[in-house]
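S.K.:
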Amino acid sequence: MTKETLSTTKPWTTNPTSTATTTTSTTIIAQSCTQSPLSLEIKLVNSHVIHLGWTKASSRKDILYNVKLFQNGALMTSEDKRATECTFSDLFPSTKYSVSIEAVSCSEKTTASLSIMTAGKIYTGKTRIINVVYKEGYENSLSEAFKDFEKNFQDELKKLLPSNIGTLLGNGMMRIELISLKRGSVVVDFNIVMSTEQNVTLAELSKEYTGALNRSTVLQVDLKDTFIDVTNSCLPGLNDCSENAICTPVGATYTCACKPGFKDASVGHPGRICEDINECTDGSNACSFLAQCTNTIGSYKCECYKSIQEENSTNPGTKCTDPVMCFNHGNLCRNTSYCFLSKPSVCSRKQAFACNILFKTWTFAPELYNPASDAYANMSNKFILDIVPLMRAKLKDDSFDITIVGFRPGSVQAYFFCLMDGTLPINASKLQLTLSEAVKATLAVETEVTAISIPTSSAVTTSPTAVTISPSTAAASASVQDYGWRTAVIVIAVLLAVALLVIVGAVLASVYWRRRTGKYFTDPSGIMGNFSYKYM
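Residue numbers (UniProt numbering): 1 to 536.
(1) Would you mind sorting residue 121 into buried or exposed? The rule is 16 or more other CB atoms within 10 Å of its CB.
(2) DSSP three-state call for residue 218: helix, strand or coil?
(3) Given residue 240, which residues of its chain have a CB within under 7 Å of its CB, disregarding the five upstream and five downstream residues?
(4) Measuring alpha carbon to alpha carbon, tell me which of 47, 218, 172, 324 ends up nearest residue 130.
(5) Taking Cβ positions, are residue 349 and residue 420 nearer each other than 8 Å?
(6) Residues in the same chain with beta-carbon distance under 8 Å from residue 201, minus the five sequence neighbours each way, listed in chain order, please.
(7) With a threshold of 8 Å on Cβ separation, who are the neighbours of residue 136 within its own chain once the five nearest residues in sequence on each side are excluded?
(8) Determine the contact status of residue 411 and residue 359, defining contact as a CB-CB distance below 8 Å.
(9) Given 8 Å as the limit, is there contact between the stretch 390 to 402 and the stretch 423 to 437, that is, 3 or more CB pairs closer than that?
(10) DSSP on residue 284, reduced to helix/strand/coil?
(11) For residue 292, which three-state DSSP category applies?
(12) Tell me which same chain residues have a C-beta within less than 6 Å of the C-beta of residue 386, skipping the five on either side of it?
(13) In chain order, what residues of the same chain lie with their CB nearer than 8 Å to the CB of residue 447, ignoring the 5 residues before and after it?
(14) Do you know offhand how far residue 481's Cα is from residue 401's?
(15) Curious, which full-length beta strand (DSSP E) runs of at least 3 residues does the UniProt domain "Fibronectin type-III" (36 to 121) contain?
(16) Could you check what DSSP says for residue 146 in three-state terms: helix, strand or coil?
(17) Give me the Cα-Cα distance between residue 344 and residue 264, rounded to the nearest whole angstrom.
(18) For residue 409, which three-state DSSP category applies?
(19) Grab me the residues of residue 254's own chain with a C-beta within less than 7 Å of its C-beta, minus the 5 sequence neighbours each way, in chain order.
(20) Name the DSSP bridge partner or partners of residue 229?
(21) Alpha carbon to alpha carbon, what distance is there between residue 55 and residue 66?
(22) Within the same chain, show all residues whose beta-carbon is closer than 8 Å to that of residue 301, passing over the 5 residues directly before and after it, in chain order.
(23) Helix, strand or coil for residue 352, going by three-state DSSP, please let me know.
(24) Is DSSP giving residue 245 helix, strand or coil here?
(25) Quick one: is residue 107 buried, meaning 16 or more other Cβ sit within 10 Å of its Cβ, or exposed?
(26) Nearest-angstrom Cα distance between residue 270 and residue 44?
(27) Beta strand (DSSP E) containing residue 263: first to last residue?
(28) Assuming contact is defined by CB atoms lying nearer than 8 Å, are residue 57 and residue 78 in contact in what I supplied?
(29) Note the first and the last residue of the continuous alpha helix (DSSP H) segment covering residue 434.
(30) Measure the C-alpha to C-alpha separation of residue 222 and residue 112 and round it to an integer number of angstroms.
(31) Whose C-beta lies closer than 7 Å to the C-beta of residue 299 among residues of the same chain, with five residues either side of it excluded?
(32) Taking only beta-carbon positions, decide if residue 205 is within less than 8 Å of chain C.
(33) Checking the sheet assignment: what are the DSSP bridge partners for residue 153?
(34) Report yes if the CB atom of residue 103 is closer than 8 Å to the CB atom of residue 52, and no otherwise.
(35) With 16 other CB atoms within 10 Å as the buried threshold, where does residue 205 fall?
(36) Roughly how many angstroms lie between the CA atoms of residue 227 and residue 85, to the nearest whole one?
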């Protein structure tokens, strides 16, 4: 990238309006190209230099750029160049300039412009001249009377100021600007403007300017009403900070910084080009994922999607509750559950199922959050017009219906209730299987279907008297009862046999004892009663 320097003609030696303009005539060869907008960048600004760069207008290499510099609407310089940057030098401090760049590319003209103020220090001066009579026209800074007074005032000061100050005034490093002329006799408000590179202090300026006014034999000044002070450069017209920037006074000069919510597009000269940051696209917003983010100048706002509940009214759109989260709860019809608006109509049905369908190949659009959108209506109609009739036929239940709760991303998930008022209940497994078949047949094959039964206030209950038992079932039941009695009889018989064996054993033991001892004695108890045998 080549760099060219444009030196402006100094307006204190030549009238700016008569500055010669150099124009280079170039033949543009037609060729295929892609046009791009011009974007200017401030690379460097000081009291006497402005250095700019810009993007290329197209992919062509032979683009010719016409660069112009203006001061107070007057053309200072104009030049054609192929480079995409240039430097203007020999400029005045604290002076507003305008730069325009024009290029012809792809048979179309592209332009860009920018206003820039050079750096500078500004000091405020005031004095009262008692030997001059106030004239009509002094109130108008464009009048001949005002301009004549300004020239005489400047000339008198230049003549009386010390040589070091006079040199600065002569080479454009410092200047005196009259701001206003007021009655009494003539009160003069003026500014002393100089480049930031100069190290002249406020004390030195005050001493030299007050001394010069005091030494004047042409102007009689009231020294008690004469002073020099630092100017607040952040006052309107004294700086070129962007309207989206904050101006901070720093001594006799100032700094600019883009406000929060704006990015600085002129890093080389901060706070002059402040572009709005779109927080909604760069991810720097605090909106809930269930909220709509709307970019505003310097900020943004959040708003929960339609059908989504707002939980933080003081900071809207940052905490939004999704009604479909109710599907994670066990009993949606319990008294403390109020997370979906259709609760009364859902919970009054005999059977209700919380259903979810994941459409793996569908793409979610934010409009599906909003029940008032066309996208939401179209998606809902697919269920009402396609699924409901098929489910009624499959289940043989004309009371079957669907209530849509919402659609959510990932890829597209549909949350809804399946409702029925039939006399015969259906379990969740059968409904899920039937619903899956209906969805695959009408909407999409790549799907996952989930159905969970919800207890409702009118749920179908099963009464013992309503159960029908077939003859074969009754016979089987009677057979089971006969086998129970047989088992009881067998158990009792076994117990009696055991008791008999115990008695026989006792008798045999007594006989054996008598043969050994010649007598026997027993004193049984319990089941045998109390008795004794003695040998006689």
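Even glycine gets a Cβ: it sits at the ideal position worked out from N, Cα and C.
In this text, all values refer to a predicted model and were calculated from it rather than measured experimentally.
M.R.: Based on what the coordinates show:
(1) buried
(2) coil
(3) 96, 115, 116, 117, 272
(4) 218
(5) yes
(6) none
(7) 145
(8) yes
(9) yes
(10) coil
(11) strand
(12) 442
(13) 357, 358, 359, 360, 436, 439, 440
(14) Low confidence applies here, because residue 481 scores a pLDDT of 42, under 50, leaving its location unreliable and the question unanswered by this model.
(15) 40 to 45, 50 to 54, 65 to 71, 74 to 81, 85 to 89, 96 to 105, 108 to 117
(16) helix
(17) 55 Å
(18) strand
(19) 233, 234, 239, 247, 248
(20) 124
(21) 14 Å
(22) 293, 294, 316, 317
(23) strand
(24) strand
(25) exposed
(26) 10 Å
(27) 262 to 264
(28) no
(29) 428 to 442
(30) 50 Å
(31) 261
(32) No chain C appears in the structure shown, which is made up of a single protein chain.
(33) Answer is none; residue 153 lacks a bridge partner.
(34) no
(35) buried
(36) 44 Å
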